[in-house]
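To keep things clear, I will list the structure first and then write my remarks on it.
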Amino acid sequence: MALRPGRCYRRLERPYTRQSRKTPRKGYVKGVPKPKITEFELGTKGDYDNALFLVSERDVQIRHNALESSRITAVQALEKNIGKGAAFFLKIRVYPHHVLRENALATGAGADRFQQGMRMSFGKPIGTAARVRKGQKIMEVRVNKAGIGVAQTALKKAGYKLPTPTRISIEGLK
């Protein structure tokens, strides 16, 4: 089944986060798919002059695939202009804990005969999302003074992939 658009899951609703581990019990969410985002820290850790942050302008839920695509975009822009793995450190500061559900509806000929409609419409887990508040930092890039412009462009490109308006804030570390 195709993935629903991100706008279906953008609003903050009641949290649904208790995932089962080795011993699933009744109170836990079963069958949660793993998040697409694999690496939360990239580049070289070290002492940098500046930290740039991608900050959310609204309360929103960001799906794991949107976080992954924004991470890939930012890393590609940084590696292309600064260099591969050197002179920058990128960190994703949110984690997709919230479990998204979908009540799958049947389509096609004869679907009305076996479709349940809204009866038992709780839904099955289809993915995860990070719950982000207004003013919360989503992504962080640490660079030296020479790389500020490149990091700003990288974060701007990454912000286009997210379902919320974003702004970039710069903090000096030294």
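To get the working numbering, take the position in the sequence shown, counting from 1, and add 722.
In this text, a Cβ means the ideal position worked out from N, Cα and C, and glycines have one as well.
All figures in this text were calculated on a predicted structure; none of them were measured in a lab.
With C-beta atoms as the reference, is residue i less than 9 Å away from residue j?
i, j, result
"Ile814", "Ile848", "no"
"Phe775", "Ile870", "no"
"Thr875", "Phe811", "no"
"Leu895", "Ala773", "yes"
"Asp771", "Lys867", "yes"
"His820", "Pro755", "no"
By Cβ distance below 7 Å, which residues in the same chain neighbour residue i in space, the five residues on each side in sequence not counted?
i, result
"Arg780", "Lys856, Thr886, Pro887"
"Tyr731", "Gln783, Arg785, Leu822, Ala851"
"Ala788", "Gly728, Lys883, Leu884, Pro885"
"Tyr817", "Ala852"
"Gly830", "none"
"Pro757", "His786, Pro818, Thr850"
Throw me the rounded Cβ distance for the residue i and residue j pair, which I believe falls under 8 Å.
i, j, result
"Val854", "Ser778", "5 Å"
"Arg726", "Glu862", "Going by Cβ atoms, the distance from Arg726 to Glu862 rounds to 30 Å, so no, they are not a contact pair."
"Ile759", "Glu790", "4 Å"
"Lys879", "Ala799", "5 Å"
DSSP three-state call for residue i: helix, strand or coil?
i, result
"Ile794", "helix"
"Val872", "helix"
"His820", "strand"
"Ala852", "strand"
"Asn825", "coil"
"Glu862", "strand"
"Glu735", "coil"
Below 8 Å CB to CB, which residues in the same chain sit around residue i once its five sequence neighbours on both sides are set aside?
i, result
"Gln837", "Leu827, Ala828"
"Ile890", "Leu774, Phe775, Leu776, Val777, Gln874, Leu877, Lys878, Gly881"
Note down, in chain order, each residue of its chain lying with its Cβ closer than 6 Å to the Cβ of residue i, except the 5 sequence neighbours on either side.
i, result
"Ile804", "Phe810, Gly869, Val872"
"Arg835", "none"
Between the segment 838-848 and the segment 785-796, do three or more beta carbon pairs fall short of 8 Å?
Verdict: no, contact absent.
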